[in-house]
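Undergrad: Quick one: structure below, then a few questions.
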Amino acid sequence: MMIIMRPGAPKEQIDAVIAEIERQNLSSHPIFGVEQTIIGAVGDGHYVAQEVFEALPGVLSVQRISQPYKLASRQFHEQDSVFQFNGFSVGANELPIIAGPCSIESREQILGIAQAVKEAGANALRGGVFKPRTSPYAFQGLGQEGLEYMAEARELTGLPIVVEVMAVSQIKMMEKYVDVFQIGARNMQNFNLLRAIGETRTPVLFKRGMSATIEEMLMASEYILCGGNTQVILCERGIRTFETATRNTTDINAIPVLKKLTHLPVIIDPSHSTGDSGYVSAIAKAGVAAGADGVIVEVHHDPARAFSDGKQSLTPEVFAKMVKQVKAVAEAVDRTLVPQHERV
Ligand code: PEP
Ligand code: MN
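Here the working numbering runs 4 ahead of the position in the sequence shown, where the first position is 1.
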């Protein structure tokens, strides 16, 4: 439920509404606007009468949120959410590009790729240190050692770092290193992990599960949001269909659909959605044309020898070309990339 306060309602009235929300065993999520405050009351509130709030001093109106997800919905937060990072924002008119290898393999590898993607126009560096591999015998990642190298790469380039977290037990250690936690497709409905990430205040790149509907994705994001971690970036990374010509099927529809249903930024991952470096650039452009707020791409200096996802990894040279084309597409839809001079 959304409790809309009268413009200029004093703090005591806002506090009284929040106290009533808590008395009703709901959680309060105030949005303080310049003139007006709106307070979200979230929880199992179907039995709470709207009139309880309507009668409180300073309350203008009360509305129910019709969607099953609440804090993620556009009804709760009409404007696009914009999150700030070092040198750029996500969700605004300028789109950031996140790039890097699937896995951190060595110090030399990540320092080299970090510099190469920065020169080609990346705004943030990605790389996994705990890898959700299909086979337990495949490379599982360097763990904390890899995070040390990622931190060094950030130091060298100024690029914020995005790293996947796979387990609750990794959060405390990883928090000290990462700028953005990635929740991978396989953990999209790992609700214990999502609740624990919701307790942190580290921004989250939240990937769609490979068999998840858009509604399931938004419901799952709600687990993070309701813990008070409001900085969730959604990522379309392809879904499983009957088609086998590509690793996954990019659900381009999901981008405008998500943009309609939620205020959260939505980015596209053409690497995992296609699984083939030959298609990555085309789908990055399609995603941006469809309204994506950014792109995340796998880049490797020697894709043939990559420890994971080499087939879908771009070389830094091909990545640089992709960035130029993505910029042209962004401009065709009245947006642009984060300007070069703002890149750290
Ligand atoms: C990754 O980003 O390397 C990854 C494992 O992604 P996803 O969870 O989308 O498969
Ligand atoms: Mn990968």
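All residues carry an ideal CB built from backbone N, CA and C; glycine is no exception.
Would you say glutamate 168 touches the ligand PEP, meaning its beta carbon is less than 7 Å from a heavy atom?
TA: Yes, the Cβ of glutamate 168 comes within 7 Å of a heavy atom of the ligand PEP.
Undergrad: Please list, following the chain, all residues that have a C-beta closer than 5 Å to any non-hydrogen atom of the ligand MN.
TA: After applying the 5 Å Cβ criterion, the set is Cys106 and Asp313.
Undergrad: Going by C-alpha to C-alpha distance, which of Leu75, Arg10 and Leu129 sits closest to alanine 224?
TA: That would be Leu75, whose Cα lies nearest to the Cα of alanine 224.
Undergrad: Report the option in Asn191, Met178, Asn194 and Ala189 whose CA atom is closest to the CA atom of threonine 206.
TA: Out of Asn191, Met178, Asn194 and Ala189, Met178 has the C-alpha closest to the C-alpha of threonine 206.
Undergrad: Can you tell me which of Leu163, Asn90 and Gln71 puts its alpha carbon nearest to the alpha carbon of glutamate 219?
TA: Comparing Cα positions, the closest option is Gln71.
Undergrad: According to DSSP, simplified to helix, strand and coil, what is methionine 9?
TA: Strand.
Undergrad: Helix or strand or just coil, what does DSSP make of threonine 161?
TA: It is helical.
Undergrad: With a threshold of 8 Å on Cβ separation, who are the neighbours of glycine 145 within its own chain once the five nearest residues in sequence on each side are excluded?
TA: Closer than 8 Å at Cβ, skipping near neighbours: Ser107, Ile108, Gly132, Val133, Phe134 and Lys135.
Undergrad: Between the C-alpha atoms of valine 169 and glutamine 186, what's the straight-line distance to the nearest angstrom?
TA: Approximately 6 Å between the Cα atoms of the pair.
Undergrad: With distances taken between CB atoms, is the gap from glycine 62 to glutamate 39 smaller than 8 Å?
TA: No. Outside cutoff.
Undergrad: Applying the criterion that 16 or more other CB atoms from any shown protein chain within 10 Å of the CB defines a buried residue, is lysine 289 buried or exposed?
TA: When all chains shown are included, lysine 289 counts as buried.
Undergrad: If distances are taken between C-alpha atoms only, which option among Glu247, Ser215 and Met192 comes closest to glutamate 226?
TA: Of the candidates Glu247, Ser215 and Met192, the one whose C-alpha sits nearest the C-alpha of glutamate 226 is Met192.
Undergrad: Could you give the residue range of the beta strand (DSSP E) that holds proline 34?
TA: Counting along the chain, the beta strand (DSSP E) containing proline 34 begins and ends at 31-36.
Undergrad: Between which two residues does the beta strand (DSSP E) containing glutamate 302 stretch?
TA: Where glutamate 302 is concerned, the enclosing beta strand (DSSP E) stretches over 299-302.
Undergrad: So what does DSSP say about threonine 250, is it helix, strand or coil?
TA: Here threonine 250 sits in coil by DSSP.
Undergrad: Beta-carbon within less than 8 Å of alanine 310's beta-carbon, same chain only, minus the 5 sequence neighbours each way: which residues are those?
TA: Only Pro105, Cys106, Ser107, Glu109, His304 and Ser317 meet the Cβ criterion.
Undergrad: Per DSSP, which one or two residues make a beta bridge with leucine 129?
TA: Paired residue(s): Ala103 and Ile165.
Undergrad: Considering only the beta carbon of each residue, do threonine 161 and glutamine 119 sit closer than 8 Å?
TA: Yes, the Cβ-Cβ distance between threonine 161 and glutamine 119 is below 8 Å.
Undergrad: Using the Cα positions of isoleucine 165 and alanine 171, report the straight-line distance between them to the nearest angstrom.
TA: Straight-line Cα distance between these residues: approximately 18 Å.
Undergrad: Looking at the ligand PEP, does it come within less than 7 Å of proline 274, judged from the CB to the closest heavy atom?
TA: No, the beta carbon of proline 274 sits no closer than 7 Å to any heavy atom of the ligand PEP.
Undergrad: Could you tell me which uninterrupted alpha helix (DSSP H) segments, each at least 4 residues in length, are contained entirely in the segment 211-283, listed from first to last along the chain?
TA: The segment 211-283 contains these whole alpha helix (DSSP H) runs: 218-229, 258-265 and 274-278.
Undergrad: Can you tell me whether lysine 211 sits near the ligand PEP, meaning its C-beta is under 7 Å from at least one heavy atom of the ligand?
TA: At least one heavy atom of the ligand PEP is nearer than 7 Å to the Cβ of lysine 211, so yes.
Undergrad: Which value, in whole angstroms, describes the spacing of the CA atoms of threonine 234 and asparagine 127?
TA: Those two C-alpha atoms are separated by around 21 Å.
Undergrad: Determine the direct distance from the alpha carbon of leucine 265 to that of alanine 45, and round the result to whole angstroms.
TA: Their Cα atoms are separated by approximately 19 Å.
Undergrad: Quick check on valine 322: does DSSP put it in helix, strand or coil?
TA: Three-state result, valine 322: helix.
Undergrad: Would arginine 10 pass as a contact of leucine 99 if the rule is Cβ separation under 8 Å?
TA: Their beta carbons are not under 8 Å apart, which means arginine 10 does not touch leucine 99 by this criterion.
Undergrad: Can you find a heavy atom of the ligand FAD that lies under 7 Å from the Cβ of glutamine 193?
TA: The model depicted lacks the ligand FAD and carries the ligand PEP and the ligand MN instead.
Undergrad: Does the ligand PEP have a heavy atom nearer than 7 Å to the CB of arginine 190?
TA: It does: the Cβ of arginine 190 is within 7 Å (strictly closer) of some heavy atom of the ligand PEP.
Undergrad: Between glutamate 240 and isoleucine 272, which are expected to be in contact by the criterion C-beta below 8 Å, what is the C-beta distance as a whole number of angstroms?
TA: Indeed, because the Cβ distance is near 5 Å, the residues count as touching under 8 Å.
Undergrad: In whole angstroms, what separates the C-alpha of leucine 229 from that of valine 236?
TA: Rounded to the nearest angstrom, the two C-alpha atoms are 8 Å apart.
Undergrad: Can you list, in chain order, the residues of its chain whose CB lies under 6 Å from that of alanine 2, leaving out five sequence neighbours each side?
TA: No answer is possible for residue 2: the residues shown for the chain start at 5 and end at 348.
Undergrad: In the DSSP assignment, the beta strand (DSSP E) including glycine 44 goes from what residue to what residue?
TA: Residues 41-46.
Undergrad: Going along the chain, which unbroken runs of the beta strand (DSSP E) with 3 or more residues stay wholly within the segment 179-208?
TA: Listed in chain order, the complete beta strand (DSSP E) runs (minimum 3 residues) inside the segment 179-208 are 184-187.
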